[in-house]
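Asks: Mind having a look at this structure? Questions to follow.
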Amino acid sequence: MTIWDVFHSDRLEVERGLDSTSVKVALARGALTEDDLIRPSASGQPWERIGDRLDLLEDAEPVAAAPPPPAAPAPSVDEPHLEDDEDELEILSDAELETTSPPPEEILEEEEESDSDDELEILEETGDESLAAILPSGDSIPAVPVIGPGPSPWEEAEYDIFDDENEYDPLDEDEAAAEFTLARGSAETVEELDLAAMVDVAFQLVLFFLVTATTVLYKSLEVPKPNSDAPPEAAAQGRSKTLDELKADYILVEMDTSGTVRIDRQPFPGALTMMNLAEKLRTLRTDTGRSAMLFSADYTTPHAKAVIAYDAANEIGLQIKIAKPSGGLANVAPPAVIKKN
Amino acid sequence: MLLRRQVSEERDEHIDMTPMVDVVFQLMTFMLFSMKLVSPENVNMPEARHGIGVEENAATFVLVAPGPTPTSKPKMLVGLKGDQGASMDEVVSAVSKGVAEGKRKVVLQADGSIPHGEVVGIISEIAKRESGVTIHLGVREPE
Numbered sequence: 004m005t006i007w008d009v010f011h012s013d014r015l016e017v018e019r020g021l022d023s024t025s026v027k028v029a030l031a032r033g034a035l036t037e038d039d040l041i042r043p044s045a046s047g048q049p050w051e052r053i054g055d056r057l058d059l060l061e062d063a064e065p066v067a068a069a070p071p072p073p074a075a076p077a078p079s080v081d082e083p084h085l086e087d088d089e090d091e092l093e094i095l096s097d098a099e100l101e102t103t104s105p106p107p108e109e110i111l112e113e114e115e116e117s118d119s120d121d122e123l124e125i126l127e128e129t130g131d132e133s134l135a136a137i138l139p140s141g142d143s144i145p146a147v148p149v150i151g152p153g154p155s156p157w158e159e160a161e162y163d164i165f166d167d168e169n170e171y172d173p174l175d176e177d178e179a180a181a182e183f184t185l186a187r188g189s190a191e192t193v194e195e196l197d198l199a200a201m202v203d204v205a206f207q208l209v210l211f212f213l214v215t216a217t218t219v220l221y222k223s224l225e226v227p228k229p230n231s232d233a234p235p236e237a238a239a240q241g242r243s244k245t246l247d248e249l250k251a252d253y254i255l256v257e258m259d260t261s262g263t264v265r266i267d268r269q270p271f272p273g274a275l276t277m278m279n280l281a282e283k284l285r286t287l288r289t290d291t292g293r294s295a296m297l298f299s300a301d302y303t304t305p306h307a308k309a310v311i312a313y314d315a316a317n318e319i320g321l322q323i324k325i326a327k328p329s330g331g332l333a334n335v336a337p338p339a340v341i342k343k344n
Numbered sequence: 022m023l024l025r026r027q028v029s030e031e032r033d034e035h036i037d038m039t040p041m042v043d044v045v046f047q048l049m050t051f052m053l054f055s056m057k058l059v060s061p062e063n064v065n066m067p068e069a070r071h072g073i074g075v076e077e078n079a080a081t082f083v084l085v086a087p088g089p090t091p092t093s094k095p096k097m098l099v100g101l102k103g104d105q106g107a108s109m110d111e112v113v114s115a116v117s118k119g120v121a122e123g124k125r126k127v128v129l130q131a132d133g134s135i136p137h138g139e140v141v142g143i144i145s146e147i148a149k150r151e152s153g154v155t156i157h158l159g160v161r162e163p164e
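Chains D and Y supply the protein sequences, listed in that same order.
Numbering-wise (my numbering), the first sequence opens with residue 4 and increments by one.
Numbering-wise (my numbering), the second sequence opens with residue 22 and increments by one.
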């Protein structure tokens with residue numbers, strides 16, 4: 004008789020040392036499926052699907068597909084000791100009918116009625132340990148002799164089942180029993196697409212692009228530029244106006260390299276801050292009625308200090324005129340006036 | 022009988038990425054709002070309380086950075102991301118190109134330490150060679 008190694012595809016486990024009869028029984032009971040793999044033990048041959056081995060399926064399929072026959076009597080405890088293959092096959096046919104047909108409730112009733120001690124004797128005599136490992140714990144143990152190596156972890160569980168004092172309860176099964184499964188591939192679960200996550204991401208992207216699409220505003224001060232179309236009056240007269248002459252029309256603000264300010268040729272007493280300068284310009288505008296500021300600064304005056312003067316003029320709404328930068332406050336040469344449009 | 026698949030089905034090993042994605046986007050939005058635009062050159066524009074906002078796509082930006090030495094000429098860059106110095110001709114050419122695209126504003130983002138005469142000189146040159154533009158001085162909000 005051929006000894007087989009069986010690979011359980013669902014558990015990814017290899018079980019060695021099963022004979023053909025055991026394989027057929029396991030197939031009939033559902034412990035093995037056609038998708039499981041099989042090969043002769045220690046042969047090194049490639050694995051084959053059990054479903055492709057028609058010789059193994061011939062006997063197994065009709066039993067697995069057949070409706071459950073009425074409950075058969077428990078195997079006789081007076082069965083003779085098994086010594087050859089023919090006897091094994093005879094006992095197997097009885098065992099198949101017994102173990103595959105009746106529903107679990109009937110089996111339990113039968114187990115309670117039968118003598119558990121005798122059942123255990125048969126199990127020990129036949130050495131059917133590997134088969135016991137295949138069979139579910141809730142079923143009775145057929146008296147099928149199978150050559151199998153090593154003790155089975157199911158042995159103790161089987162004893163518990165046949166214990167008269169403890170009724171069979173699936174919840175009482177130990178952890179090893181829980182790991183054993185006869186379940187075929189469960190129906191494919193339809194995984195729902197979680198639209199909430201996608202909507203979240205979509206809205207966040209919309210927000211992101213909305214924010215980035217809005218143009219960034221850069222703060223700036225508009226300043227006058229030279230107007231070539233309207234030359235200064237002084238230029239039209241062939242000469243430049245002096246600052247003293249311009250002082251009549253503009254609030255004259257002069258600034259040197261260090262930021263020292265003179266307003267209308269008078270030193271500005273306070274610190275150079277936008278608010279101080281704006282307050283002074285406001286007073287002058289109120290007193291004299293002039294509505295424009297003429298800013299004349301040294302060429303090397305820092306740009307930041309000039310911006311303070313522009314900002315102060317904007318604070319009180321003065322027009323801004325920028326004189327061409329001079330070499331310094333000591334330079335008396337009148338600067339050309341840059342007019343604002 | 023306890024079946025393995027029945028037991029394993031109770032465990033949900035799926036990791037929900039939604040909260041993480043939400044947090045990431047919230048952080049991104051927060052940083053976007055809180056970030057300050059930094060020019061490629063170290064330009065410290067002067068502070069000003071008043072001013073108007075100019076859109077990036079509505080103006081030609083000219084960056085005026087200090088030269089390598091205090092006495093050297095300032096370095097001009099065209100655009101907010103310019104990384105190479107530009108001559109006055111290149112600046113005016115960029116302004117002219119901007120005018121052709123409808124950008125009639127020129128924002129001069131000059132460092133506060135740039136001499137006032139240099140800034141006025143650039144303004145005068147741009148206004149002389151490209152009329153029809155308004156000149157703005159880039160400033161920043163007071164701290």
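For glycine and all other residues, C-beta sits at the position ideal for the given N, C-alpha and C.
List the residues of chain D whose Cβ lies closer than 9 angstroms to the Cβ of residue 162(Y), in chain order.
Replies: The contacting residues are 222.
Asks: Following the continuous alpha helix (DSSP H) through residue 264(D), name the residue where it begins and the one where it ends.
Replies: Here residue 264(D) belongs to no alpha helix (DSSP H); instead the beta strand (DSSP E) covers 264-266.
Asks: Which chain Y residues sit within Cβ distance under 8 angstroms of residue 226(D)?
Replies: Result: 144, 156, 157, 158.
Asks: Taking 9 angstroms as the CB-CB cut-off, is residue 74(D) touching chain Y?
Replies: Annotation note: pLDDT 45 at residue 74(D) (below 50); position unreliable, coordinate value reported separately. Taking Cβ atoms only, chain Y never reaches closer than 9 angstroms to residue 74(D), which makes this a no.
Asks: State the DSSP-derived secondary structure class of residue 40(D), mapped to helix, strand or coil.
Replies: Reduced to three states, the DSSP call for residue 40(D) is strand.
Asks: Tell me which residue opens and which closes the alpha helix (DSSP H) that residue 22(D) is part of.
Replies: Residue 22(D) -> not in any alpha helix (DSSP H); beta strand (DSSP E) instead, spanning 16-22.
Asks: Could you confirm whether any beta carbon from chain Y is found closer than 9 angstroms to the beta carbon of residue 327(D)?
Replies: Interface residue, yes.
Asks: Check whether the Cβ of residue 89(Y) lies closer than 9 angstroms to any Cβ atom in chain D.
Replies: False, the Cβ-Cβ gap to chain D never drops below 9 angstroms.
Asks: Closer than 8 angstroms between beta carbons: that is the criterion. Which residues of the segment 305-327 of chain D meet it against chain Y?
Replies: Answer in chain order: 305, 306, 307, 308, 309, 310, 311, 313, 314, 317, 318, 325, 327.
Asks: Report the three-state DSSP secondary structure of residue 281(D) (helix, strand or coil).
Replies: Residue 281(D): helix per DSSP, three-state reduction.
Asks: Can you name, in chain order, every residue of its own chain whose Cβ lies under 6 angstroms from the Cβ of residue 37(Y), other than the five neighbours on each side?
Replies: There are no such residues.
Asks: Name, going along the chain, the residues of the segment 67-80 of chain Y whose beta-carbon falls closer than 8 angstroms to a beta-carbon of chain D.
Replies: Flagged, chain order: 67, 68, 69, 70, 71, 72, 73, 74, 75, 76, 77, 78, 79, 80.
Asks: Helix, strand or coil, according to DSSP, for residue 125(D) in the structure here?
Replies: Reliability of the predicted coordinates at residue 125(D) is poor, the pLDDT of 43 falling under 50, and the value obtained from them is presented with this limitation in mind. Helix.
Asks: Got a sec? Which residues, its chain only, sit under 8 angstroms from residue 313(D) by beta carbon, not counting five neighbours each side?
Replies: Correct list, in chain order: 224, 226, 298, 323.
Asks: Does the Cβ of residue 127(D) have 16 or more other Cβ atoms within 10 Å, making it buried, or fewer, making it exposed?
Replies: Bear in mind that a pLDDT of 44 at residue 127(D), under 50, signals an unreliable position, so the model cannot answer this.
Asks: Could you give the distance in angstroms between the alpha-carbon of residue 102(D) and the alpha-carbon of residue 25(D)?
Replies: Here the model assigns residue 102(D) a pLDDT of 44, short of 50, so the residue's position is not dependable and the matter cannot be decided.
Asks: In or out: residue 119(Y) buried (at least 16 other Cβ within 10 Å) or exposed?
Replies: Per the 10 Å Cβ criterion, buried.
Asks: With a floor of 4 residues, list each alpha helix (DSSP H) that falls wholly inside the segment 123-155 of chain Y, ordered by position along the chain.
Replies: Counting whole runs of 4 or more residues, the segment 123-155 of chain Y contains the alpha helix (DSSP H) stretches 137-150.
Asks: Considering residue 319(D), what are the terminal residues of the alpha helix (DSSP H) in which it resides?
Replies: Its alpha helix (DSSP H) spans residues 306-319.
Asks: In the segment 33-103 of chain Y, which residue ranges form an unbroken beta strand (DSSP E) of at least 3 residues, counting only runs that do not cross its ends?
Replies: Those beta strand (DSSP E) runs which fall completely within the segment 33-103 of chain Y and span 3+ residues are 73-76, 80-86, 96-99.
Asks: Between residue 135(Y) and chain D, is there a C-beta pair that is closer than 9 angstroms?
Replies: Yes, residue 135(Y) counts as interfacial toward chain D.
Asks: What's the C-alpha gap between residue 39(Y) and residue 47(Y)?
Replies: One C-alpha to the other measures close to 12 angstroms.
Asks: Roughly how many whole angstroms lie between the Cα atoms of residue 274(D) and residue 280(D)?
Replies: The straight-line gap from Cα to Cα measures roughly 8 angstroms.
Asks: Establish whether the CB of residue 147(Y) and some CB of chain D are separated by less than 9 angstroms.
Replies: Yes, contact with chain D.
Asks: Return the chain-ordered list of same chain residues with a C-beta closer than 8 angstroms to the C-beta of residue 155(Y), the five sequence neighbours on each side being excluded.
Replies: Taken in chain order, the residues that qualify are 125, 126, 127.
Asks: What does residue 211(D) reach in chain Y if we use C-beta pairs closer than 8 angstroms?
Replies: Within chain Y, the residues near residue 211(D) are 46, 49, 50, 53.
Asks: Alpha carbon to alpha carbon, how far is residue 199(D) from residue 11(D)? Give it in angstroms, no decimals.
Replies: So the alpha carbons of these two residues sit roughly 40 angstroms apart.
Asks: Can you name the residues of chain D whose CB is closer than 8 angstroms to the CB of residue 42(Y)?
Replies: Result: 200, 203, 204, 207.
Asks: State the start and end residues of the unbroken alpha helix (DSSP H) segment that holds residue 300(D).
Replies: Element bounds for residue 300(D): not the alpha helix (DSSP H) but the beta strand (DSSP E), 295-300.
Asks: Would you verify that the beta carbon of residue 45(D) is, or is not, closer than 9 angstroms to some beta carbon of chain Y?
Replies: No - not a single Cβ of chain Y is within 9 angstroms of the one on residue 45(D).
Asks: Smallest Cα separation from residue 4(D): which of 318(D), 251(D), 23(D)?
Replies: Ranking the options by Cα distance to residue 4(D), first place goes to 23(D).
Asks: What residues in the segment 267-298 of chain D have a beta carbon less than 8 angstroms from any beta carbon of chain Y?
Replies: Correct list: 277.
Asks: With a CB to CB cut of under 6 angstroms and the five nearest residues on each side skipped, what residues in its chain are close to residue 289(D)?
Replies: Contacts found: none.
Asks: Helix, strand or coil: how does DSSP classify residue 162(Y) here?
Replies: Reduced to three states, the DSSP call for residue 162(Y) is coil.
Asks: Might you give, ordered along the chain, the residues of its own chain that have their beta carbon closer than 7 angstroms to the beta carbon of residue 117(Y), omitting 5 neighbours on each side?
Replies: Same-chain partners within the cutoff: 151.
Asks: So, helix, strand or coil for residue 211(D), using DSSP?
Replies: In the structure shown, residue 211(D) sits in a helix (DSSP, three-state: H, G or I).
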